[in-house]
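For the sequence shown, the positions run 7 to 119 when our numbering is used. For glycine and all other residues, C-beta sits at the position ideal for the given N, C-alpha and C. Below: the structure, in structure tokens.
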Amino acid sequence: MAALPVYPWRLAPDGLATRRQLRARGLRPGGQDVVAQIERPRYRRSPLVAYLYRVDAAKPVRPMTSAKQAALDKANTARRTCPECLRDAGYVIPAQLGVCVPCAYPDDEQRAA
């Protein structure tokens, strides 16, 4: 297996892009293999690595279907619903708490009133 070409940070040749750059253009890798990588040096740690894909071989992003949108809405609603009081918290419930803030700290709510 041949090694991938490695480019310094911000010096990748034209025609190559990261996943995020492809997504910003409305594209996706579409099953193609990684062509190269770029490395960003960091002080006293290993460098950050980003993989590059060919822009000309990228495919358009698939459109959102109504079924996917419904599943996404259902998942987001579940993340916002408190399992203790069963109310929509209005925000994504923190995983550390597991419940909405009023349920996690009921004493603070009574003191405020």
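Per-residue burial, residue i [other beta carbons within 10 Å of its own, 16 or more giving buried]
i	result
C106	buried
For residue i, the first and last residue of its enclosing alpha helix (DSSP H)
i	result
R107	It is worth fixing the name first, because residue 107 is Val in this sequence and not Arg. Its alpha helix (DSSP H) spans residues V107 to A110.
G27	The sequence shown places Gln at residue 27, not Gly. Run containing Q27: R25 to A30, per the alpha helix (DSSP H) assignment.
Residue i: first and last residue of the uninterrupted beta strand (DSSP E) it sits in
i	result
A63	Premise fails: A63 is in no beta strand (DSSP E) and is neither H nor E.
Opposing strand residues paired with residue i [DSSP bridges]
i	result
Y49	Answer by DSSP bridge pairing: none, since Y49 is not bridged.
CA-to-CA distance, residue j to residue i, given in whole angstroms
i	j	result
S52	T87	40 Å
A127	C109	With the chain represented from 7 up to 119, any question about residue 127 goes unanswered, as that position is not in the structure.
G32	P112	46 Å
R50	Q43	20 Å
R68	R60	18 Å
Q102	L22	40 Å
P89	A30	36 Å
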